[in-house]
Amino acid sequence: MSVPAIRALLPHAGQMVLLDRVLAVDEETLCAEVRLHAGSMLAGEGGVGAWVGIEYMAQAIAAHAGWLAQQRGEPVKVGVLLGARNYASSLGCFPRNGVLKVHVRRLLMADNGLGAFDCRIDVDGGAAGVATAVVTVFQPEDFNQFLNNGNAV
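Converting from the sequence shown to our numbering requires adding 3 to each position, the first position being numbered 1.
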């Protein structure tokens, strides 16, 4: 199976696309790669702060949703990161010049667009599960209508 370019799966643009590519994807899971370097978005002297892991996870979830939409012949839609439960990282920073593998597994996807994903970040060639969380997201049917009407989940 051919996996589309990451930019075709995300509603993000420019430097806000923090993932480099999708390595594997199916109906329930996705694994994405992030290659860190001195010029990486949000990079500091020691690397990228581990707090950015939540955004890596959220973008991997968005890429999964984009892939599923494409499988159904639908356009990629915007979603909302609602929160992360039990985010933990054994690292203060993800290492500069490191390669991360971001794994997401769907736990729940309700008909109203509310979802939950079990997420994990591994350092390629190093430690597994250096960051973990359960991330909740919401993808309304019509994002602009959702914003204009001020509807809550």
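By construction, the Cβ of each residue, glycine as well, lies at the ideal position given by its N, Cα and C atoms.
Next item on the list: Put M60 into one of helix, strand or coil per three-state DSSP.
Entry: helix
Margin query: If contact is defined by three or more beta carbon pairs under 8 Å, each pair taking one atom from either stretch, is the stretch 7-27 in contact with the stretch 68-86?
Written below: Taking 8 Å as the limit for Cβ pairs, the verdict is that the stretch 7-27 does touch the stretch 68-86.
Item checked: A91 in three-state terms, based on DSSP -> strand
Next item on the list: Please name the residue, chosen from H106, T139, V20, that lies closest to A113 on a Cα-to-Cα basis.
Entry: Among H106, T139, V20, the Cα nearest to that of A113 belongs to T139.
Next item on the list: Could you tell me how far apart the beta carbons of L103 and V25 are, in whole angstroms, since I believe they sit closer than 8 Å?
Entry: Incorrect: roughly 13 Å between the Cβ atoms, too far for contact.
Notebook entry, point to check: Can you check whether the CB of C96 is closer than 9 Å to the CB of A63?
Noted result: no
Item checked: Alpha carbon of G76 to alpha carbon of G49, nearest angstrom -> Taking the straight line joining both Cα atoms gives about 42 Å.
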